[in-house]
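These notes are about the structure you will find just below.
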Amino acid sequence: MIPKDAYYTKDHEWLKVNGDEATVGITDHAQEALGDITFVDLPKVGKVLKAHDSLLVVESVKAASDVYAPVAGTVSAINGALGSAPELINQSAQGDGWICKLKPFDASAVGSLMTADQYEAFLAEH
Amino acid sequence: MPVQYDGILAEHHRTRTDVTLFDTCHMGRFWVTGPGAMDGIDRLLTTEVRAMQDGQCKYGFLLKEDGGILDDLITYRFNTERWLIVVNAGTLPKDRDWIRARLPDGVGFEDASTRLAKIDIQGPNTFEKVEQVLGVEVASLAYFRFKTFECGGEAFVSRTGYTGEKGVELYVDAARIVEVWGRFLKAGVKPAGLGARDTLRLEAGLPLYGHELSEYVTPVEAVMARYAMKAGPYVGSEAVRRHREEGPDRVLAGFRIEGRQSARAGQAVLSGGRCVGKVTSGSFSPTLQVVIGFAYVEPALAAAGSRVQVDTGRALLDAEIVKTPFYKAGRSG
Chain A
1 MIPKDAYYTK
11 DHEWLKVNGD
21 EATVGITDHA
31 QEALGDITFV
41 DLPKVGKVLK
51 AHDSLLVVES
61 VKAASDVYAP
71 VAGTVSAING
81 ALGSAPELIN
91 QSAQGDGWIC
101 KLKPFDASAV
111 GSLMTADQYE
121 AFLAEH
Chain B
1001 MPVQYDGILA
1011 EHHRTRTDVT
1021 LFDTCHMGRF
1031 WVTGPGAMDG
1041 IDRLLTTEVR
1051 AMQDGQCKYG
1061 FLLKEDGGIL
1071 DDLITYRFNT
1081 ERWLIVVNAG
1091 TLPKDRDWIR
1101 ARLPDGVGFE
1111 DASTRLAKID
1121 IQGPNTFEKV
1131 EQVLGVEVAS
1141 LAYFRFKTFE
1151 CGGEAFVSRT
1161 GYTGEKGVEL
1171 YVDAARIVEV
1181 WGRFLKAGVK
1191 PAGLGARDTL
1201 RLEAGLPLYG
1211 HELSEYVTPV
1221 EAVMARYAMK
1231 AGPYVGSEAV
1241 RRHREEGPDR
1251 VLAGFRIEGR
1261 QSARAGQAVL
1271 SGGRCVGKVT
1281 SGSFSPTLQV
1291 VIGFAYVEPA
1301 LAAAGSRVQV
1311 DTGRALLDAE
1321 IVKTPFYKAG
1331 RSG
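Protein chains in written order, with my numbering: chain A, 1 to 126; chain B, 1001 to 1333.
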């Protein structure tokens, strides 16, 4: 079941808006495809990103994968728990496995992301 | 063989603490038979086949004339006229053509890769499970020894493996393998995939053909000349002897990186900002909880304790050259 309260990208990131801040992570589909995650190269707070910039790299046992910024913004918080427990992403990709927060972020670009229903249809096609 | 069944880490830990099952049917299995069999393979392999005993198996190499490694393999001696050679999957067709073309007339050669199935059972509880499932006692089998058993058709088991853990490799007639596999599953032995096989062999300090070993590397560079000490002559013996005398320009070394960010195959090894080598394998080690790997480096930097860096493209990781194996069964951390 894909959470309805977030927006999605074709690269399998999710973005959840909470007032003037947005939380970002990778989807359950993405963590499933990556397998056991062993390292998250967390960005620094204050990092300024354009949409589609590489936000960070997630490493699984087999490979390293880029995670991109769903929209433009500035990293305002990171999930430090992932440093010693990157498996939180496998266990709860859209909960405790969140990666970072953006504030400010480009709220006008959120409308170009997919809704949960659209992402579900996208997954079915790909 | 899939990359994973229920997750690489779970399968890895299960192999280290309990027991798992690997479908290794993709590997190659060749019978070499007849009165000229021993002489024939003695000329092709680095393995001291003449010194082996019946029921013994041994690791060795198939080399080109220039000493480049065509494959690493295990040779099983049933008797002087009956031998089995077990090779890697990716090299199977090439090995088959190479060996067949170089065996003397009259020596029998059969590619039994589809007729004779192979599965590995690995982990500290291997012996109990094999005895329970197949009724075969393997606890008294010495390391790198094998024995036949009753299973309807060809069946034998060797005290070998690719995980650094207690374990066996099991060979049975292909017609029986689905049933045998099912019996292990029913007894609670879970399967492990290619992903765990790779992290397990890396922790055990075992090379992987295509990574640490290739046609462009000799046993001397791979620091495995001990498996090519036979006087010969065999194909490649002269090149190995010469290479050992002259000394290699690069050698294989294990490295360790504190933390979780992994070095990967193909990345450059640096010392003082200068490129001194290349990573062949690298992974987060599920057992040791640090990053480990292999790299070819200049001999002067290959001693344990040497400090180098690995350039991942995004970061320079500090690495220490360490002795291998990284992990030995029965020891923690």
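In this text, a Cβ means the ideal position worked out from N, Cα and C, and glycines have one as well. In this text the structure is predicted, and so the values were computed from the model without any measurement.
Once the 5 residues before and after residue i are set aside, which same chain residues still bring their CB inside 8 Å of it?
| i | result |
| --- | --- |
| GLU1131(B) | GLU1137, VAL1138, ALA1139 |
| VAL1049(B) | MET1038, ILE1041, ASP1042, LYS1058, THR1075, ARG1077, TRP1083 |
| GLN1309(B) | VAL1269, LEU1270, SER1271, LEU1316, LEU1317, ASP1318, ALA1319 |
Going by alpha carbons, who is nearest to residue i out of the options?
| i | options | result |
| --- | --- | --- |
| PRO1248(B) | MET1224(B), GLU1154(B), VAL1220(B), ARG1145(B) | VAL1220(B) |
| ARG1077(B) | MET1224(B), LEU1202(B), ILE1041(B) | ILE1041(B) |
| ALA1174(B) | LEU1208(B), ALA1117(B), ARG1159(B) | ALA1117(B) |
| ALA1187(B) | VAL1133(B), ARG1102(B), GLY1266(B), HIS1211(B) | VAL1133(B) |
| LEU113(A) | ILE2(A), ALA63(A), THR9(A), PRO3(A) | THR9(A) |
| ILE37(A) | PRO1233(B), LEU1317(B), GLN1261(B) | GLN1261(B) |
| CYS1151(B) | PRO1093(B), VAL1308(B), GLY1135(B) | GLY1135(B) |
| PHE1146(B) | VAL1217(B), LYS1129(B), TRP1083(B) | TRP1083(B) |
| PRO86(A) | ALA77(A), ILE78(A), GLY97(A) | GLY97(A) |
| GLY25(A) | ALA63(A), LEU102(A), ALA64(A) | LEU102(A) |
| MET1229(B) | ASP1023(B), ASP1095(B), ARG1241(B), SER1214(B) | ARG1241(B) |
| ILE1383(B) | TYR1227(B), MET1224(B), ILE1177(B), LEU1252(B) | As shown, chain B starts at 1001 and ends at 1333. That puts residue 1383(B) outside it, with no answer to give. |
| ALA77(A) | GLY95(A), LEU42(A), SER60(A), SER92(A) | LEU42(A) |
| VAL1198(B) | ASP1018(B), THR1017(B), PHE1022(B) | Note that residue 1198(B) is Asp in the sequence shown, not Val. For ASP1198(B), the nearest C-alpha among the options comes from PHE1022(B). |
Taking only beta-carbon atoms, is residue i less than 8 Å away from chain A?
| i | result |
| --- | --- |
| PHE1022(B) | no |
| LEU1317(B) | no |
| GLN1122(B) | no |
| ILE1008(B) | yes |
| VAL1310(B) | no |
| VAL1269(B) | no |
| ARG1314(B) | yes |
| GLY1333(B) | Its pLDDT being 35, under 50, GLY1333(B) is placed unreliably by the model, and the measurement read from it follows with that caveat. It does not; no Cβ of chain A falls within 8 Å. |
Short of 6 Å in beta carbon distance, which residues of its chain neighbour residue i, apart from the five on each side in sequence? Order them along the chain.
| i | result |
| --- | --- |
| THR1080(B) | MET1038 |
| TYR1171(B) | LEU1116, LYS1118, PHE1156 |
| ASP1066(B) | ALA1239 |
| ALA30(A) | HIS12 |
| GLY1036(B) | PRO1104, GLY1106, VAL1107 |
| VAL1180(B) | VAL1172 |
| ALA64(A) | VAL57 |
| ALA107(A) | none |
So which residues of chain A does residue i contact, with C-beta pairs closer than 7 Å?
| i | result |
| --- | --- |
| LEU1288(B) | What LEU1288(B) touches in chain A: nothing, since even the nearest Cβ is about 12 Å away. |
Note down, in chain order, every chain A residue with its Cβ under 8 Å from the Cβ of residue i.
| i | result |
| --- | --- |
| SER1262(B) | THR38, PHE39, GLU59, ALA64 |
| GLY1195(B) | GLY35, VAL61, LYS62 |
| THR1199(B) | VAL61 |
| VAL1003(B) | GLY35, LYS62 |
Taking all protein chains shown into account, decide if residue i is buried (16 or more other Cβ within 10 angstroms of its Cβ) or exposed.
| i | result |
| --- | --- |
| VAL71(A) | buried |
| VAL45(A) | exposed |
| ASP28(A) | buried |
| HIS126(A) | exposed |
| TYR1143(B) | exposed |
| GLU1212(B) | buried |
| ASN18(A) | exposed |
| GLU1298(B) | buried |
| ASP1072(B) | buried |
| PRO1207(B) | buried |
| LYS62(A) | buried |
Strictly under 8 Å for the Cβ-Cβ distance: is residue i near chain B by that measure?
| i | result |
| --- | --- |
| GLY35(A) | yes |
Within the same chain, show all residues whose beta-carbon is closer than 7 Å to that of residue i, passing over the 5 residues directly before and after it, in chain order.
| i | result |
| --- | --- |
| ALA109(A) | ALA51, VAL71, ALA72 |
| THR1020(B) | GLU1011, ARG1014, GLN1122, GLY1123, VAL1189, LYS1190, PRO1191, ALA1192 |
| ALA1204(B) | THR1163, GLY1164, PRO1325, TYR1327 |
| LEU79(A) | Sequence inspection shows Asn at residue 79(A); the Leu mentioned does not correspond to that position. Correct list, in chain order: TRP98, ILE99, CYS100. |
| ILE2(A) | ALA116, TYR119, GLU120 |
| ASP66(A) | SER54, VAL57 |
>> Please identify, using Cβ separations under 8 Å, the residues of the stretch 1273-1302 of chain B that lie next to chain C, in order along the chain.
In response: This model lacks chain C altogether, as its protein chains are A and B.
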